[in-house]
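In the numbering used here, the protein residues as written are 165 to 1018.
For every residue, glycine included, the Cβ atom is placed at its ideal position computed from N, Cα and C.
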């Protein structure tokens, strides 16, 4: 969402250029990803430094020592288009080898903002680059920074004057995640979340924003002074601020996952997880067999407004990994045609069958290993209150009992679940406080028993029972790694899952992660490139799956060892800790991977075995076998595109139109085939590398084991990078098809018929037709079968076109009006056509076919 900006900036300077450095240290321009935020719009960085130039640079995640030295050298001397760039920091995508560079003219300012502290820049640069939904710049704001818990603050949670809430167009009963830049003399930034404080409180204290020290990143230097009006020690800063909000609290729903199910009791698994999952599986089977695709797609998640809790979804900073969704108006083409077809024949179109099979496979794996639970989810919030009463300020922090929660749930108890789940002890059992217990605790904490009913209602609405929040004590939150900077959690309510909750309470506490005093890592700024390289590589997923295999094998002792390593992986960039690879390696030798894990990314349900040999201790594996048997085979025999040739008739098609459609279809096929061939080759290399590693990893030769591991890891990284590249390339290709077809508004029905006849002549899946004339396909099925035409969702595009250069490279072109400056022509490389047909148009605005004016 575009922020409310207050400065006029040349649009060209807002663009983030994409660069990559390969293993040989060579720098090249990277294809900008489509449908991804590629400008500085809505960021603190642009507001602070209007003319700044930013590059997002990708480096390989797997390198040997020599290759790493080449890459570090290239990072230190990065020049592109005569601009020298310096490494400035990173976001959550550092683990994938993506970092931010800024032009040399601004590099010093950025380094000073982060106290010339490389680790801080790697972790907290995301504050400046985060995309805020709304942003305001205020010329004269007073910010008070106090120690955590003072004036009702808590870990990363502060207060925002209610009038600033209104300026951000936010209701006061919402918990709000923010980003802030303040203090013009010694520039600072802060992150976290806020509650609303009344203007009466703010006026009495003489402040507009109250922050805990934990919100300021990096931590502030020196000590504060006594602030008379606040009657506390702190730091008072007055001047201009830039404030943005990222999101506000709302009640949502999480899906379950195998890391949750593995921690359920046997009785909960048998009575509360498997039965509703089987019931939903039967609904899916019934809808499939009846051809009720509306019900089927709803069950598979077409319209579900839920956030499924997976093991890699906890990182709220990983905005680099998110893609801007297409417009939500309309339905995906492959789903729309199923909904329009009353005879059930559209499912035999290869493209439609493939799309539905992929959707079904994703749903099936989740159902078989995590169940189909829908769990209430909330923003995690503290119990801090701050009020004005009879001319005095009263506050309290961490005053509710540690075993309790304030929530809108109507059950007596719940388990508080935060991802990633490290162990069963991370499922925190708490009882829910009703108002008749909460209110006396509140008045006691404030030391005021004379609060009016109206004052209490206001406190409950705006500070304790806010929309979409779940309030617990900070020490309770810390048990599973939570704080209050807008962590999101899901819950297991006792009224729906009594056995799950009872089983967790009965399990007790068998393990406590030994909390040693962790020293924060702090390197010299000249080692910023080395720090960046150490930030690469995400071991969290692999450790989590190894832990799951330990639990499945009944080796809880080994799983607890991995809890420590998982926490080290989470803390490695901020603190002087690292994953002990010897511990990981030793455990891998003792535990066989859970057999069902290998099917996590299958694209067809039929590739998931009907039965797996699993250990008696493998709860998830046993559930897989039960649910998989119930699901059975949902395979539809595919037809050929020729079977659907007669759908499009009755329009006059010229030879030139037909030839142009043949060319576009050939472009699609050539590029798509190239992507598929590359993926197949890299997967073969990975399989060979994996086989070699498995053959030698228990051998005595340490060097051979190391070489095999590095080779396997490089192959894995290559496959992962290729998959990401493939997604991007297919988006680029599909966008070209869309723009080409959008240029065929005149005589469009004839163009659709021409493309249909070209596609049905071949042996493809029909993808080219669906990416050019999807609405026409849906309308044809609705007309032929008496169904209802469903509006097709179009891809999110720009006002532009696609053009080819002399080397048959396709570029997406957008002309950006820029009052007061020369218009910006933004070009994004899409693909290069290497087929044997001659291009008959230079861009998608011009057709080779020119209708006869007579």
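Sequence-distant residues of the same chain with beta carbon closer than 6 Å to residue i, five excluded per side
i	result
residue 209	292, 293
residue 1016	Legend: pLDDT at residue 1016 = 46, less than 50; position of this residue unreliable, value from coordinates given subsequently. So no residue of the chain qualifies.
residue 999	830, 834
residue 752	none
residue 613	607
residue 472	The pLDDT assigned to residue 472 is 43, lower than 50, so where the model puts this residue is not dependable, and the model offers no usable value.
residue 300	331, 407
C-alpha distance - residue i paired with residue j, whole-angstrom precision
i	j	result
residue 556	residue 422	51 Å
residue 854	residue 602	57 Å
residue 913	residue 802	26 Å
residue 898	residue 936	8 Å
residue 257	residue 290	10 Å
residue 191	residue 851	30 Å
residue 846	residue 527	27 Å
residue 429	residue 588	10 Å
residue 409	residue 203	18 Å
residue 496	residue 956	6 Å
residue 652	residue 542	6 Å
residue 435	residue 539	17 Å
residue 456	residue 523	16 Å
residue 477	residue 824	Its pLDDT being 30, under 50, residue 477 is placed unreliably in this model, and the coordinates cannot settle the point.
residue 975	residue 921	28 Å
Cβ neighbour criterion (16 or more within 10 Å) applied to residue i
i	result
residue 674	exposed
residue 1006	exposed
residue 250	buried
residue 767	exposed
residue 243	exposed
residue 729	buried
residue 872	buried
residue 390	exposed
residue 295	buried
residue 774	exposed
residue 427	buried
residue 690	exposed
residue 750	exposed
residue 780	exposed
residue 377	buried
residue 863	exposed
Residue closest to residue i, alpha-carbon to alpha-carbon, out of the options
i	options	result
residue 812	946, 414, 835, 366	946
residue 701	690, 736, 688, 678	736
residue 260	795, 919, 703	703
residue 759	789, 748, 749	789
residue 934	610, 828, 779	828
residue 678	725, 690, 717	725
residue 772	543, 968, 624, 529	529
residue 274	316, 660, 692, 355	692
residue 219	605, 271, 826	271
residue 821	832, 749, 918	918
residue 971	997, 236, 616	997
residue 668	731, 714, 433	433
residue 353	331, 363, 276	276
residue 513	891, 809, 841, 969	809
residue 374	386, 385, 397	397
Close Cβ partners of residue i (< 7 Å) along its chain, the five nearest in sequence each way excluded
i	result
residue 638	318, 319, 546, 562
residue 501	510, 516, 941, 942, 945
residue 465	527
residue 279	382
Cβ shell of residue i (< 8 Å), same chain only, five flanking positions each side left out
i	result
residue 951	503, 504, 505, 506, 945
residue 469	With a pLDDT of only 40 at residue 469, under 50, the local geometry of the prediction cannot be trusted, and no value is derived from it.
Residue i CB to nearest heavy atom of the ligand COA below 7 Å
i	result
residue 989	For the ligand COA, the structure offers nothing, since it holds no ligand at all.
Min CB distance residue i to chain D below 8 Å
i	result
residue 655	Absent here is chain D; the protein component of the structure consists of one chain.
Check: Any contact of the region 276 to 286 with the region 318 to 330, i.e. 3+ C-beta pairs under 8 Å?
Finding: In this structure the region 276 to 286 does not touch the region 318 to 330; the number of beta carbon pairs closer than 8 Å is below three.
Note to self: For the region 656 to 669 against the region 218 to 235, do three or more pairs of beta-carbon atoms, one drawn from each stretch, fall closer than 8 Å, so that the two count as touching?
What the structure shows: These segments do not touch.
Next item on the list: Report yes or no: do three or more beta-carbon pairs, one from the region 560 to 575 and one from the region 592 to 602, lie closer than 8 Å?
Entry: Taking 8 Å as the limit for Cβ pairs, the verdict is that the region 592 to 602 does touch the region 560 to 575.
Note to self: Between the region 576 to 585 and the region 638 to 651, can you find at least three pairs of beta-carbon atoms closer than 8 Å?
What the structure shows: The answer is yes - the region 576 to 585 touches the region 638 to 651, with three or more Cβ pairs under 8 Å.
Next item on the list: Check whether the region 621 to 638 touches the region 533 to 549, taking contact to mean three or more Cβ pairs, one atom from each stretch, closer than 8 Å.
Entry: Verdict: yes, contact present.
Note to self: I want to know whether the region 363 to 381 touches the region 428 to 447 - three or more CB-CB distances under 8 Å.
What the structure shows: Result no; under three Cβ-Cβ pairs closer than 8 Å.
Next item on the list: Say whether the region 333 to 344 touches the region 352 to 362, bearing in mind that this needs 3 or more beta-carbon pairs closer than 8 Å, one atom from each stretch.
Entry: The region 333 to 344, when compared against the region 352 to 362, does touch it at the 8 Å Cβ threshold.
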